[in-house]
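This note's numbering puts the first residue of the sequence shown at 227, with every later residue one more than the last. Even for Gly, the Cβ is constructed at its ideal location relative to N, Cα and C.
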Amino acid sequence: TYFGNMAKTLSGRRKMTSFDRGINVVSRLLIRFMLIMVPLVFLINGLNKHDWLQALLFAISIAIGLTPEMLPMIVTTNLAKGAVNMARKKTVVKHLNSIQSFGAMDVLCTDKTGTLTRDEITIERHLNVQGEEDVSVLEYAYLNSYFQTGLKNLIDLAIIDKAAEESVTYLSTGYTKVDEIPFDFSRRRMSVVLKGRKGETLLITKGAVEEIFQICSFCIYDGKTVPMTDELRAAAVKVADGLNADGMRVIAVARKRNPSEEGVFGVGDENGMTLVGCLGLLDPPKKSAASA
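If you want it as structure tokens, here you go:
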């Protein structure tokens with residue numbers, strides 16, 4: 227199992243770091259130098275002075291002198307000093323050998339959600355295709371999140387909270403739920419089908435930007451439903467990229483009026499939709515997180 231593989235990895239032998247390899251290279255170099263010098267000193271001294279016992283003792287002393295006995299202590303002392311400096315910056319070092327790797331790296335990858343951030347998603351922007359704040363984007367997203375079945379995730383709760391803040395929650399009283407097309411990881415979107423007071427049917431879909439753009443043939447531009455041209459699609463992509471550049475997670479919202487006859491709704495109805503706009507979501511950083 228995946229858990230078993232993870233446990234095996236954690237309990238296995240630790241891989242050598244670049245620091246370990248460097249120490250081994252220096253040690254091997256000194257040992258090779260010693261293996262070359264000791265016989266040479268022994269032979270040269272013995273041949274010159276003809277005192278082979280004295281030559282042997284002198285060669286042994288040379289070998290002892292070339293042995294890096296103090297190297298481990300010197301290395302450990304320097305690493306310990308680095309660990310103390312890290313502790314002053316409120317960083318705990320569990321393995322001294324990691325000090326060198328820590329100092330040599332250019333990019334540090336760390337968990338973000340719940341570690342650097344508060345794990346509390348908020349809706350920061352709701353933009354239309356033109357990149358303008360448009361409350362209708364929030365309204366359609368709210369209807370989707372409000373009427374979906376099951377446990378609502380953090381995104382749905384953030385949308386509902388923002389709708390309450392913008393005073394658009396009254397919209398839910400004008401619709402009744404007819405059907406739902408659940409989220410799955412292949413489509414990366416979910417839809418609800420609603421019926422209005424006049425009997426009209428409305429399919430509202432929200433999800434990943436790429437997947438929503440793929441099923442949209444129209445978009446709302448200047449308050450009108452117009453065909454999704456290459457220029458408008460590029461404009462919508464630019465809006466989403468702008469939100470991403472600001473550090474936000476982006477989801478798109480689309481709608482479709484009277485998608486099909488009541489009772490036969492399915493994934494096949496998620497086509498020829500009208501793009502409403504994009505939502506920019508942000509997980510605020512913790513107060514304890516250092517500024518990037």
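### Task
Would you mind giving the Cβ-Cβ distance between Cys445 and Val435, rounded to the nearest angstrom? I have them listed as a contact below 8 Å.
With a Cβ gap of about 13 Å, Cys445 and Val435 do not count as contacting.
### Message
Am I right that Val476 and Val355 are in contact with their C-beta atoms under 8 Å? What's the rounded C-beta distance?
### Response
Val476 to Val355, Cβ: 13 Å. No contact.
### Query
In chain order, what residues of the same chain have a beta carbon less than 8 Å from the beta carbon of Gly506, not counting five sequence neighbours either side?
Ile349, Glu350, Arg351, His352, Leu353, Leu469, Asp472, Met474, Arg475 and Val476
### Query
If we ignore side chains and look at the alpha-carbon of each, how far apart do Thr293 and Val252 end up?
11 Å
### Message
Distance check for Ile325 and Gly308, CA to CA, integer angstroms please.
### Response
7 Å
### Query
Is Leu322 helix, strand or coil when you go by DSSP?
coil
### For Ile407, three-class secondary structure by DSSP
strand
### Message
I'd like the span of the alpha helix (DSSP H) that includes Thr302, first residue to last.
### Response
Leu297 to Arg314
### Query
First and last residue of the alpha helix (DSSP H) that includes Lys464?
Asp456 to Ala471
### Message
For Cys576 and Lys421, I'd like the C-alpha separation in whole angstroms.
### Response
Only positions 227 to 518 of the chain appear in the structure, and residue 576 is not among them; the question remains open.
### Task
Check whether the region 298-316 touches the region 272-288, taking contact to mean three or more Cβ pairs, one atom from each stretch, closer than 8 Å.
no
### Query
Any idea what DSSP makes of Ile381, helix, strand or coil?
helix
### Opening and closing residue of the alpha helix (DSSP H) in which Glu350 lies
First-last for Glu350: Thr348 to Leu353, but that is the beta strand (DSSP E), not the alpha helix (DSSP H).
### Endpoints, alpha helix (DSSP H) assigned at Ser417
Here Ser417 belongs to no alpha helix (DSSP H); instead the beta strand (DSSP E) covers Arg415 to Gly422.
### Task
Please classify Ser443: does DSSP put it in a helix, a strand, or coil?
strand
### Task
Provide the residue span of the beta strand (DSSP E) that contains Pro453, from first to last.
Lys450 to Pro453
### Task
Please say whether Arg483 and Leu428 have beta carbons closer to each other than 8 Å?
yes
### Task
Please work out which residues of its chain come closer than 6 Å, Cβ to Cβ, to Asp272, disregarding the five sequence neighbours upstream and downstream, and give them in chain order.
Rather than Asp, the amino acid found at residue 272 in this sequence is Gly. Taken in chain order, the residues that qualify are Trp278 and Ala281.
### Query
Taking the Cβ atom as the reference point for each residue, do Ala384 and Leu364 lie within a distance shorter than 8 Å?
no
### Query
Lys513: which of Arg344, Asn497, Lys424 and Met260 sits nearest, CA to CA?
Arg344
### Opening and closing residue of the alpha helix (DSSP H) in which Val361 lies
Val361 to Phe373
### Query
Which value, in whole angstroms, describes the spacing of the CA atoms of Asn497 and Lys338?
35 Å
### Message
Can you tell me which residues form a DSSP beta bridge with Cys504?
### Response
Leu353 and Ala478
### Message
For Thr375, which residues in the same chain have their Cβ closer than 6 Å to its Cβ, ignoring the five residues on either side in sequence?
### Response
Glu406
### Message
Considering Cα atoms alone, identify which of Ser244, Asp456 and Arg423 is closest to Ala330.
### Response
Ser244
### Query
Considering only residues of the same chain and omitting the five flanking positions on each side of Glu426, which have a CB-CB separation below 7 Å?
Arg483 and Asn484
### Query
For Gly492, is the classification buried or exposed, using 16 other Cβ atoms within 10 angstroms of its Cβ as the cut-off for buried?
exposed
### Task
State buried or exposed for Cys335, treating a residue as buried only when at least 16 other CB atoms are found within 10 Å of its CB.
exposed
### Task
Taking 8 Å as the cut-off, decide whether the C-beta atoms of Ala480 and Cys504 are in contact.
no
### Message
Taking a contact to mean a Cβ-Cβ separation below 8 Å, would you say Val361 touches Val394 in this structure?
### Response
yes
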